[in-house]
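Visitor: The structure follows.
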Amino acid sequence: MPTTRSTEARQAPPPRGADRARRRRLKDKLADVLFGPEGPQRFSTKVSMTGLMTYVPCMLLVVYCGWAGLTPPQFVVPVVLAMVLTVAGFYAALRSGWSRRFADAGLILPQMLASITWDAIGYVLMGEAHAGMLMPAALTVTYGVFALHGRGAYAVQAYAIVLIGATMATMCVVDPAMFPVREAVLLYASFVVTILMLGWTGHQIAQLRQRERETRAELGATLEQIQQRATHDSLTGLHNRRHMQSALAHHLARAERDGMPLTIALLDIDHFKQVNDQHGHAAGDAVLAAFARVAEAALPPTELIGRWGGEEFLVLSTRGLSSEELRAQIDQVRAALLQQPIDVPTGRLCIDFSAGVASHQPGTPLPALIDSADQALYAAKQGGRGRSVIAGVQALPASGHTQIRSVVHASA
Numbered sequence: 006m007p008t009t010r011s012t013e014a015r016q017a018p019p020p021r022g023a024d025r026a027r028r029r030r031l032k033d034k035l036a037d038v039l040f041g042p043e044g045p046q047r048f049s050t051k052v053s054m055t056g057l058m059t060y061v062p063c064m065l066l067v068v069y070c071g072w073a074g075l076t077p078p079q080f081v082v083p084v085v086l087a088m089v090l091t092v093a094g095f096y097a098a099l100r101s102g103w104s105r106r107f108a109d110a111g112l113i114l115p116q117m118l119a120s121i122t123w124d125a126i127g128y129v130l131m132g133e134a135h136a137g138m139l140m141p142a143a144l145t146v147t148y149g150v151f152a153l154h155g156r157g158a159y160a161v162q163a164y165a166i167v168l169i170g171a172t173m174a175t176m177c178v179v180d181p182a183m184f185p186v187r188e189a190v191l192l193y194a195s196f197v198v199t200i201l202m203l204g205w206t207g208h209q210i211a212q213l214r215q216r217e218r219e220t221r222a223e224l225g226a227t228l229e230q231i232q233q234r235a236t237h238d239s240l241t242g243l244h245n246r247r248h249m250q251s252a253l254a255h256h257l258a259r260a261e262r263d264g265m266p267l268t269i270a271l272l273d274i275d276h277f278k279q280v281n282d283q284h285g286h287a288a289g290d291a292v293l294a295a296f297a298r299v300a301e302a303a304l305p306p307t308e309l310i311g312r313w314g315g316e317e318f319l320v321l322s323t324r325g326l327s328s329e330e331l332r333a334q335i336d337q338v339r340a341a342l343l344q345q346p347i348d349v350p351t352g353r354l355c356i357d358f359s360a361g362v363a364s365h366q367p368g369t370p371l372p373a374l375i376d377s378a379d380q381a382l383y384a385a386k387q388g389g390r391g392r393s394v395i396a397g398v399q400a401l402p403a404s405g406h407t408q409i410r411s412v413v414h415a416s417a
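The sequence shown maps to residues 6 to 417 in our numbering.
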């Protein structure tokens, strides 16, 4: 009995999902062979081959006319062969990537001109069925109107009107019995009106598309501005509190999941109230903007900094730095800031800041982490300002490298 079950299991058909995946892989391989690798080349080749498929009904029409005696049989094979070579030539140029050297990588304009040329040749060779070749020419112009823009579309229309008109006039002279003048005038007038109407319609659609693209671009720019305002502080250009809270929640979840360290620092500009009181709020704004610029430049791109509120800023380490490592980064910001006095309306100011650094402990909620950094910041303020303190670690003495006296002065 177990043997029978194992045999049935081996003979069981594969699941439908496996069949679909196998067919999808086969389809992808076939597309790679026919149209090239995924990307712009494949897209151009597929679109162009769709247009080239219009040659197939034209070939069938030539064969039918030869079989029905409407056109000399000796013309059928050469014409069909020439059409096949035309299609093969365009396909080779597209599939090999040779056409990518041109601005019109899909060779749309040359294809349209070649197709209209074959329509004119068909008008000559189709005998009694010659009027039927005007419809493929109109279809070609229709395709050109939607596939091309501006001068390319106008060139296709002008080429069709001139070439078909010259062909019809020539045949009226060469074989007036088969190509009566009155019939040719009526056909040509209808053809020209159709072409012009198609051109006008295509122009209107092109304008609608252009307006749609402009509207989309404006909406995209507006959305980008809204997102910028929603996530960035307008004065400093840094991320705002809302964005930083979202980033903190994201990285806290990652720290809990992957066990990566999560370290933050709260920075507070020393004596900022004194700056506002003595030099005005314009000077305070200049100090905030300059501090943000210097801090963002001094910190590595992997460290996220945002304005937390007032003169307070928050730094989030996104690469798992320890408290000591992040404090070293903060001290680099301090060193850069002390070397760059800030120009304000009343002179130049040299500012410093205090910082509190805290690391996340597993199972600790986000408010507790921020509170730890805030307590460390308070300890830095109480310890003399101009220093960085790690939560739970005794502050370095005054002679330590993190104790830098806060200096606020103005010079003419």
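A virtual CB, placed ideally from N, CA and C, is assigned to each residue, including glycine.
How is R25 classed by DSSP in three states: helix, strand or coil?
Guide: Mapped onto the sequence shown, residue 25 falls at position 20. Note: R25 maps to helix in three-state DSSP.
Visitor: Kindly indicate which three-state DSSP category S393 falls into: helix, strand or coil?
Guide: As a working note, residue 393 is residue 388 in the sequence shown. Judged by DSSP in its simplified three-state form, S393 adopts strand.
Visitor: Buried or exposed: G397, going by 16 or more other Cβ atoms within 10 Å of its Cβ?
Guide: The residue given as residue 397 occupies position 392 in the sequence shown. By the 10 Å Cβ count, G397 comes out exposed.
Visitor: If we require 4 or more residues per run, which alpha helix (DSSP H) segments fall completely within the stretch 308-376?
Guide: Runs of the alpha helix (DSSP H) inside the stretch 308-376: 328-343.
Visitor: Identify, in the order they occur along the chain, each residue of the same chain with its Cβ nearer than 6 angstroms to the Cβ of G71, setting aside the five sequence neighbours on each side.
Guide: Taking the first residue of the sequence shown as position 1, residue 71 is located at position 66. Hits under 6 angstroms: P78, V81.
Visitor: Is D124 helix, strand or coil by DSSP?
Guide: Here residue 124 refers to the residue found at position 119 of the sequence shown. In this structure, D124 counts as helix in the three-state DSSP scheme.
Visitor: Would DSSP call T268 helix, strand or coil?
Guide: Along the sequence shown, read from residue 1 onward, the residue named residue 268 stands at position 263. Here T268 sits in strand by DSSP.
Visitor: Across the stretch 58-66 and the stretch 97-109, are there enough close Cβ pairs to call them in contact, namely three or more that are closer than 8 angstroms?
Guide: no
Visitor: Under 8 angstroms between the Cβ atoms of L342 and V320?
Guide: On the sequence shown, residue 342 is found 337 positions in, with the first residue counted as 1. On the sequence shown, residue 320 is found 315 positions in, with the first residue counted as 1. No.
Visitor: Where do the ends of the alpha helix (DSSP H) carrying H256 lie?
Guide: Within the sequence shown, numbered from 1, the residue matching residue 256 stands at position 251. Taken as a continuous stretch (DSSP letters only), the alpha helix (DSSP H) holding H256 covers 246-263.
Visitor: Buried or exposed: P367, going by 16 or more other Cβ atoms within 10 Å of its Cβ?
Guide: Taking the sequence shown and counting its residues from 1, one reaches residue 367 at position 362. Classification for P367: exposed.
Visitor: In the structure shown, what three-state DSSP assignment does H276 receive?
Guide: For this step, residue 276 is matched to residue 271 along the sequence shown. Correct three-state label for H276: coil.
Visitor: Measure the alpha-carbon distance for M1 versus K51 and round it to whole angstroms.
Guide: What is shown of the chain runs 6 to 417, which leaves residue 1 out entirely.
Visitor: CA-CA distance, F151 and G314?
Guide: Within the sequence shown, residue 151 is the residue found at index 146, counting from 1. Within the sequence shown, residue 314 is the residue found at index 309, counting from 1. So the two alpha carbons sit approximately 55 angstroms from each other.
Visitor: Taking 8 angstroms as the threshold, find out whether the stretch 273-282 comes into contact with the stretch 329-339 through three or more Cβ pairs.
Guide: no
Visitor: Evaluate contact between the stretch 203-217 and the stretch 147-167, counting only Cβ atoms and requiring at least three cross-stretch pairs below 8 angstroms.
Guide: yes
Visitor: Between the stretch 235-245 and the stretch 297-312, do three or more beta carbon pairs fall short of 8 angstroms?
Guide: yes
Visitor: Please return the same chain residues whose Cβ sits closer than 8 angstroms to the Cβ of I169, not counting the five positions on each side in sequence.
Guide: The residue labelled residue 169 in the question sits at position 164 within the sequence shown. I121, D124, A125, Y128, L139, A142, Y193, F196, listed in sequence order.
Visitor: Alpha helix (DSSP H) containing P62: first to last residue?
Guide: By one-based count along the sequence shown, residue 62 stands at place 57. Unbroken alpha helix (DSSP H) run through P62: 60-73.
Visitor: Is the stretch 344-363 close to the stretch 289-298, with three or more CB pairs under 8 angstroms?
Guide: Proximity of the stretch 344-363 to the stretch 289-298 meets the contact definition, three or more beta-carbon pairs being nearer than 8 angstroms.
Visitor: If you run the structure through DSSP and keep just helix, strand and coil, what is H154?
Guide: Numbered from its first residue, the sequence shown carries residue 154 at position 149. Coil.
Visitor: Could you tell me the distance, in whole angstroms, from the CA atom of Q380 to the CA atom of H365?
Guide: By 1-based counting over the sequence shown, the position of residue 380 is 375. By 1-based counting over the sequence shown, the position of residue 365 is 360. Approximately 14 angstroms, taken between the alpha carbons.
Visitor: Applying the criterion that 16 or more other CB atoms from any shown protein chain within 10 Å of the CB defines a buried residue, is G311 buried or exposed?
Guide: Locating residue 311 in the sequence shown gives position 306, counting from the first residue. Burial call: buried.
Visitor: Could you give the first and the last residue of the continuous alpha helix (DSSP H) run that contains T199?
Guide: Your numbering for residue 199 matches position 194 in the sequence shown. Residues 186-236.
Visitor: Given that a residue counts as buried once 16 or more other Cβ atoms are within 10 Å of its Cβ, and exposed if not, what is M58?
Guide: Start at 1 with the first residue of the sequence shown, and residue 58 comes out as number 53. So M58 ends up on the exposed side.
Visitor: Using three-state DSSP, classify P115 as helix, strand or coil.
Guide: If you number the sequence shown from 1, residue 115 lands on position 110. Here P115 carries a helix assignment [DSSP, helix/strand/coil].
Visitor: Please classify D109: does DSSP put it in a helix, a strand, or coil?
Guide: As a first step, residue 109 must be located in the sequence shown, where it is residue number 104. Note: D109 maps to coil in three-state DSSP.
Visitor: I believe A378 touches I269 by the beta-carbon criterion, under 8 angstroms. Please report the beta-carbon distance rounded to the nearest angstrom.
Guide: Taking the sequence shown and counting its residues from 1, the one referred to as residue 378 is at position 373. Taking the sequence shown and counting its residues from 1, the one referred to as residue 269 is at position 264. Correct: roughly 5 angstroms between the Cβ atoms.
Visitor: From P115 to A73, what does the alpha carbon distance come to, in whole angstroms?
Guide: Numbered from 1 along the sequence shown, position 110 holds the residue referred to as residue 115. Numbered from 1 along the sequence shown, position 68 holds the residue referred to as residue 73. When rounded, the distance between both Cα atoms is 32 angstroms.
Visitor: If V85 and V67 are in contact, beta carbons under 8 angstroms, what's the gap, nearest whole angstrom?
Guide: As a position in the sequence shown, residue 85 is number 80, starting the count at 1. As a position in the sequence shown, residue 67 is number 62, starting the count at 1. Going by Cβ atoms, the distance from V85 to V67 rounds to 6 angstroms, so yes, they are a contact pair.
Visitor: Over the uninterrupted alpha helix (DSSP H) stretch that includes D290, give me the two end residues.
Guide: Translated into positions along the sequence shown, residue 290 becomes position 285. That run of the alpha helix (DSSP H) goes 286-303.
Visitor: How big is the Cα-Cα spacing for V394 and P346?
Guide: In the sequence shown, the residue the question calls residue 394 occupies position 389. In the sequence shown, the residue the question calls residue 346 occupies position 341. Whole-angstrom Cα-Cα distance: 24 angstroms.
Visitor: Determine whether the beta carbon atoms of L326 and A254 lie at a separation below 8 angstroms.
Guide: Along the sequence shown, read from residue 1 onward, the residue named residue 326 stands at position 321. Along the sequence shown, read from residue 1 onward, the residue named residue 254 stands at position 249. It is not a contact, given that the beta carbons lie outside the stated cut-off.
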